[in-house]
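Residue numbers (the working numbering): 40 to 442.
Ideal Cβ positions, reconstructed from N, Cα and C, are used throughout, including at glycine.
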């Protein structure tokens with residue numbers, strides 16, 4: 040035995056482990072491995088730990104936080120995935136593992152299968168039932184928007200809402216709309232709005248994209264948050280042909296973010312017409328009531344029994360005159376109050392109409408799509424968009440002076 044040892048290389052455990060590590064890591068770089076996820080665990084650090092297995096073998100795998108952040112879906116046990124990465128050896132235990140850089144559901148139909156599975160589950164729970172959907176407020180004063188602060192979707196929604204109903208106030212909850220953290224951010228924003236209770240209606244959404252891009256709105260955590268919301272929710276995800284789980288659970292689906300702006304508020308012109316029609320209808324109703332009362336009194340006066348009793352008739356006529364006068368006073372007062380309210384609403388709407396300010400020579404200045412009402416937040420070299428009545432201009436700030 041001793042003679043044999045003298046003629047061979049003798050390794051310690053550490054040495055042989057390092058040799059194996061060097062061979063494996065140099066031989067298996069940038070490999071693609073497919074398998075089923077099991078023992079999935081998301082560490083508080085953000086790293087993902089799981090096992091990839093098939094019917095004959097298994098391998099430990101880890102995906103560090105920096106790579107995990109780019110995932111567009113939420114991995115779960117039992118999901119078939121395709122992983123790209125490198126084989127490494129964890130020397131303290133002598134275990135080899137796959138360091139995953141990229142991961143995607145296995146097969147073109149994997150996401151669609153997951154979509155249909157969750158859709159069926161939530162349908163059976165009754166989350167899509169029409170009788171649980173809430174009506175939208177007709178004239179919302181405050182509107183919550185859950186979306187990316189930099190996308191085209193938020194600009195479209197704000198533009199449409201301000202054009203149609205400028206008195207409404209908008210409250211933006213900026214979130215990621217794709218990536219591994221997007222679903223939880225969207226759900227948390229919905230819950231925060233419900234905890235505060237300071238908006239009348241919510242819009243969640245984003246612009247168009249692939250199934251992978253829209254996947255955050257197909258996550259169960261988002262669907263649950265929408266279903267639990269006591270504030271009505273409008274889902275406005277992608278284009279008209281795009282359907283997500285959020286669309287089915289929401290109280291109302293808008294085909295596009297712009298359509299959400301059309302749905303959530305009335306057109307101010309239509310509101311003024313409605314108020315005018317209401318005033319006309321009220322006046323006509325009062326006139327009709329007075330006419331009916333006069334006809335009834337005339338019929339009574341013509342009755343022979345009343346004609347024989349002159350005193351009774353005289354008293355009755357006086358009472359009728361008195362009641363008629365009171366009715367006319369009450370009607371005129373009611374009409375005056377409604378007319379005053381109508382004029383107040385018209386004045387409020389006109390005061391908030393940006394076009395009137397522009398016609399007077401004022402301008403509207405925006406930075407990054409947001410209307411500026413103060414020098415706060417404006418710095419030299421900022422690019423500002425200035426809107427006139429007949430066009431727009433871009434300006435670069437040279438300096439600022441605060442009053």
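Let me check understanding here. Comparing Cα to Cα, which of 378, 336, 155 lies closest to residue 362?
336
8 Å contact criterion, which residue 100 and residue 137 should meet: CB distance rounded:
4 Å
Just confirm the distance between the C-beta atoms of residue 265 and residue 288, as a whole number of angstroms; I'd bet it's less than 8 Å.
5 Å
Do you know how far the Cα of residue 77 is from the Cα of residue 200?
47 Å
Other residues of its chain near residue 431: CB distance less than 7 Å, five sequence neighbours each side excluded
424, 425
What whole-angstrom Cβ distance do residue 255 and residue 275 have, given they're in contact under 8 Å?
Not quite, the Cβ-Cβ distance comes to about 14 Å (not below 8 Å), so this is no contact.
For residue 75, collect the residues of the same chain with a Cβ closer than 6 Å to its Cβ; drop the 5 residues on either side in sequence, then sort them by chain order.
92, 119
Out of 87, 410, 279, 437, state which residue places its alpha-carbon closest to the alpha-carbon of residue 393.
410
For the beta strand (DSSP E) containing residue 275, list its first residue and its last residue.
272-276
Which of helix, strand or coil does DSSP assign to residue 231?
helix
Going by DSSP, what residue range makes up the alpha helix (DSSP H) through residue 161?
149-163
Could you tell me the distance, in whole angstroms, from the CA atom of residue 147 to the CA atom of residue 81?
Low local confidence applies: a pLDDT of 49 at residue 147 is under 50, so the model's placement there is unreliable, and no value is given.
8 Å Cβ cutoff, residue 276 in contact with chain D:
Structure shown: chain D not included; a single protein chain is present.
Please name the residue, chosen from 412, 85, 262, 433, that lies closest to residue 165 on a Cα-to-Cα basis.
262
Please identify the residue among 377, 271, 56 whose C-alpha is closest to the C-alpha of residue 131.
56
Please return the same chain residues whose Cβ sits closer than 7 Å to the Cβ of residue 140, not counting the five positions on each side in sequence.
106, 123, 124
Opening and closing residue of the alpha helix (DSSP H) in which residue 427 lies
That residue, residue 427, is in no alpha helix (DSSP H); its beta strand (DSSP E) goes 422-427.
Assign residue 150 to buried or exposed, taking buried as 16 or more other Cβ atoms, counted over all protein chains shown, within 10 Å of its Cβ.
buried
Rounded C-alpha distance that separates residue 108 from residue 284
22 Å
Alpha carbon to alpha carbon, how far is residue 323 from residue 366? Give it in angstroms, no decimals.
14 Å
I need the boundaries of the alpha helix (DSSP H) containing residue 302, first residue and last residue.
296-303
I'd like the span of the alpha helix (DSSP H) that includes residue 203, first residue to last.
191-203
Would DSSP call residue 238 helix, strand or coil?
coil
Residues near residue 416 by beta carbon distance below 8 Å, same chain, minus five either side:
406
Going by the C-beta, is residue 363 closer than 7 Å to any heavy atom of the ligand COA?
Among the ligands in the structure shown, none appear at all, so the ligand COA cannot be discussed.
Determine, using beta carbons only, whether residue 73 and residue 171 come nearer to each other than 8 Å.
no
In whole angstroms, what separates the C-alpha of residue 334 from that of residue 167?
56 Å
Which residues in the same chain have their Cβ closer than 6 Å to the Cβ of residue 247, if we skip the five residues on either side of it in sequence?
277, 278
Please say whether residue 245 and residue 190 have beta carbons closer to each other than 8 Å?
yes
Does residue 235 pass the burial test, meaning 16 or more other C-beta atoms within 10 Å, or should it be called exposed?
exposed
Endpoints, alpha helix (DSSP H) assigned at residue 57:
52-66
Hey, how far is the Cα of residue 62 from the Cα of residue 259?
43 Å
Alpha carbon to alpha carbon, what distance is there between residue 238 and residue 269?
11 Å
C-alpha distance - residue 87 paired with residue 221, whole-angstrom precision:
17 Å
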